[in-house]
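When the count follows full-length UniProt numbering, it moves up by one through the sequence shown with no breaks and lands on 278 for the last residue.
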Amino acid sequence: MHLRVAIGEWVPFINITTESGRVVMSGPIANAFEIVARRVNFTYTLYRSEKDIWGTHSPDGTWTGMLGMLSRNEVDIALGPFTLTYGRWTSFKMSEPLYADEVEILVPVFGWKMSLFNILTVFQYKVWMFILLSIILLLIVMCLSDKCLHPESNLKDRLYKNFWSLTRTILLKGCVRRPDSYTRALLDTLWMLSTLVMSLYFSGMVLTYLFLRKTRQIDSLEDLAASKDILPILEYQSSVFSTFRVRFQPFWQLLCKVDVMARNANRYSISFNNASAL
1 MHLRVAIGEW VPFINITTES GRVVMSGPIA NAFEIVARRV NFTYTLYRSE KDIWGTHSPD
61 GTWTGMLGML SRNEVDIALG PFTLTYGRWT SFKMSEPLYA DEVEILVPVF GWKMSLFNIL
121 TVFQYKVWMF ILLSIILLLI VMCLSDKCLH PESNLKDRLY KNFWSLTRTI LLKGCVRRPD
181 SYTRALLDTL WMLSTLVMSL YFSGMVLTYL FLRKTRQIDS LEDLAASKDI LPILEYQSSV
241 FSTFRVRFQP FWQLLCKVDV MARNANRYSI SFNNASAL
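Quick look at the structure:
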């Protein structure tokens, strides 16, 4: 008995080479298959799948890769570590599973980097803009109040003095002089209380950033899709590829605004929004 066998390279299970125009395989699965061939007494010819694709069910009803070769009767058997899925089970006669494995989501280790401007990241830019606008608004109100109480005073001098007073309060240095009116006392009190709360929060966040460094949490497919700095890599025409395409449509549509995944023998590439990862 002679069998036509479809194979695809999957290191270290199956390694494929070509000798004198003939496909030759090696590795654990190749050794096990050779033992079975000797015991059962059959010969075989190997046919390598284009781009070493295992195969998925296309929307037009056809199969790709090694499973496509099998469905078109180009081969008698497809050899490899195939993942058992419902679609494959209902379309092909598969052997008993040899082992069960889990699919894990692996992400790069978070690297904390010191920067001269790290301290500015404690607040978002909107908060910094609000603080700046508050200083400008309060400075204008204080200068107008001083001008009403002391018309003879120099506006430019008042501007510098009030700005320095607000700056000292932010730096928790206190006021340089007593308020000379109820309006000024009210403004100084509000600014000091606001500055106290802001300073306590700022110092607490700085300590948190120093001792409790933020780590990346990827606990679901939604978290993975929401991480814009991570480029997911799926093996083209694999069982995971097919499962995501069929069963996780929202995730698939979010991820695969892509020219999805081209696979060569030992190289996997994927393109996401003009960014590529190998």
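For each residue, glycine too, the CB sits at the ideal point set by N, CA and C.
- Exposed is the label assigned to residue 120, since fewer than 16 other Cβ atoms lie within 10 Å of its Cβ.
- Distance from the CA atom of residue 170 to the CA atom of residue 217, rounded to whole angstroms, is 35 Å.
- Excluding sequence positions up to five before and after residue 223, its CB lies within less than 7 Å of the CB of 217, all in the same chain and listed in chain order.
- Residue 88 is a Cβ neighbour of residue 67, given a cutoff of 8 Å.
- Contact between the region 17-35 and the region 56-64 is absent, with fewer than three C-beta pairs closer than 8 Å.
- For residue 80, the closest of 46, 159, 73 and 130 by C-alpha to C-alpha distance is 46.
- Taking C-alpha positions only, residue 117 is separated from residue 159 by approximately 29 Å.
- Within its own chain, the residues whose Cβ lies closer than 6 Å to the Cβ of residue 23, once the five positions on either side in sequence are excluded, are 46 and 48, listed in chain order.
- Taking C-beta atoms under 8 Å as the contact rule, residue 77 and residue 3 qualify, at a distance of about 6 Å.
- Restricting attention to 122, 154 and 64, the CA atom closest to the CA of residue 210 is found in 122.
- The bridge partners DSSP lists for residue 47 are 6.
- Look at residue 29 here: in three-state DSSP terms it is helix.
- Residue 168 and residue 208 have their C-alpha atoms some 25 Å from each other.
- The beta-bridge partner set that DSSP reports for residue 23 consists of 18.
- Cβ-Cβ distances below 8 Å link residue 139 to 159, 162, 163 and 166 in the same chain, with the five nearest sequence neighbours on each side left out; the list follows chain order.
- Judged by their CB atoms, residue 183 and residue 153 are not nearer to each other than the 8 Å cut-off.
- 142 is the residue among 142, 205 and 157 whose C-alpha sits nearest the C-alpha of residue 181.
- Secondary structure at residue 79: strand, using DSSP grouped into helix, strand and coil.
- In the structure shown, the three-state DSSP call for residue 128 is helix.
- Within a 10 Å sphere around the beta-carbon of residue 25 sit 16 or more other beta-carbons, which makes this residue buried.
- Judged by DSSP secondary structure, residue 162 falls within the alpha helix (DSSP H) whose first and last residues are 155-170.
- When DSSP reads this structure, residue 57 sits in a beta bridge with 63.
- Around the Cβ of residue 64, a 10 Å sphere holds 16 or more other Cβ atoms; the residue is buried.
- Around the Cβ of residue 226, a 10 Å sphere holds fewer than 16 other Cβ atoms; the residue is exposed.
- DSSP places residue 88 inside the alpha helix (DSSP H), whose first and last residues are 86-91.
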